[in-house]
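Per full-length UniProt numbering, the sequence shown runs over residues 1 to 147.
So the structure is just underneath, and the comments pick up after that.
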Amino acid sequence: MESILKLDELIADMTEIVTATSEMEFNLKLSPDKWSKKEILGHLCDSAVHNHVRFVKILLSEYPIAIQGYAQNDWVQVHDYQNQYDPSEVLSLWQHLNRMILRVMRAAETSDFQKKCVLPDKTEVTLEWLFNDYVDHLIHHLEQIEA
1 MESILKLDEL
11 IADMTEIVTA
21 TSEMEFNLKL
31 SPDKWSKKEI
41 LGHLCDSAVH
51 NHVRFVKILL
61 SEYPIAIQGY
71 AQNDWVQVHD
81 YQNQYDPSEV
91 LSLWQHLNRM
101 ILRVMRAAET
111 SDFQKKCVLP
121 DKTEVTLEWL
131 FNDYVDHLIH
141 HLEQIEA
């Protein structure tokens, strides 16, 4: 599956981009209500936690799983990535979480990717769609961190 290969590439790309970014730039907040690059990466850690659980629940179920949303801003605030983590810590956390997701997805059977889940708006999608959406979400935020 192409998205599995893409996630593997993204782990390497994100590592390169973050390590090439100065700590000052990584911590810079353009306004109080906008995330810094560090907080964006922290948000991606939170996203990885939620999506890992979603992926595993879908893989283990014979029936469509209802996907719950989460309060993204609140999660970033509670974790306080801006003040409680240095850049290498948040990067390491993100790497480990995504490697865990990668291992789960690589172990899935081809037929598992057609298992269903239900989004908060009641739209029914497959695990394949959800995983592709997860990877697209990473790409979107990687571009923000790289900018």
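Ideal Cβ positions, reconstructed from N, Cα and C, are used throughout, including at glycine.
Judged by DSSP in its simplified three-state form, I65 adopts strand. Counting every other CB atom within 10 Å of its CB across the protein chains shown gives H43 a total of 16 or more, marking it as buried.
Counting only runs of 4+ residues, the alpha helix (DSSP H) found wholly inside the segment 81 to 122 occupies 81 to 84, 87 to 107, in chain order.
Residues of the same chain with a CB within less than 6 Å of the CB of D133, apart from the 5 flanking positions on each side, do not exist. Burial state of L127 is buried, judged by a 10 Å Cβ sphere holding 16 or more other Cβ atoms. With contact defined as three or more Cβ pairs closer than 8 Å, the segment 55 to 72 and the segment 111 to 120 are in contact.
A contact between stretches requires three or more CB pairs, one per stretch, nearer than 8 Å, and the segment 82 to 100 meets this requirement with the segment 16 to 25. In summary, N51 is buried, with 16 or more beta-carbon neighbours lying within 10 Å of its beta-carbon over all protein chains present.
K34 is not a Cβ neighbour of F26, given a cutoff of 8 Å. One thing to note: R99 has its Cβ within 8 Å of the Cβ of I11. With contacts defined as CB atoms closer than 8 Å, V104 and V53 fail to qualify as a contacting pair. Judged by beta-carbon spacing, V135 lies beyond the 8 Å limit of S36, meaning their Cβ atoms are not closer than that value.
The Cβ atoms of E124 and K116 sit closer than 8 Å to each other.
In the three-state reduction of the DSSP assignment, T19 falls in the helix class, which pools H, G and I. When C-alpha distances from V76 are compared across L7, A48, I58, S61, the shortest belongs to A48.
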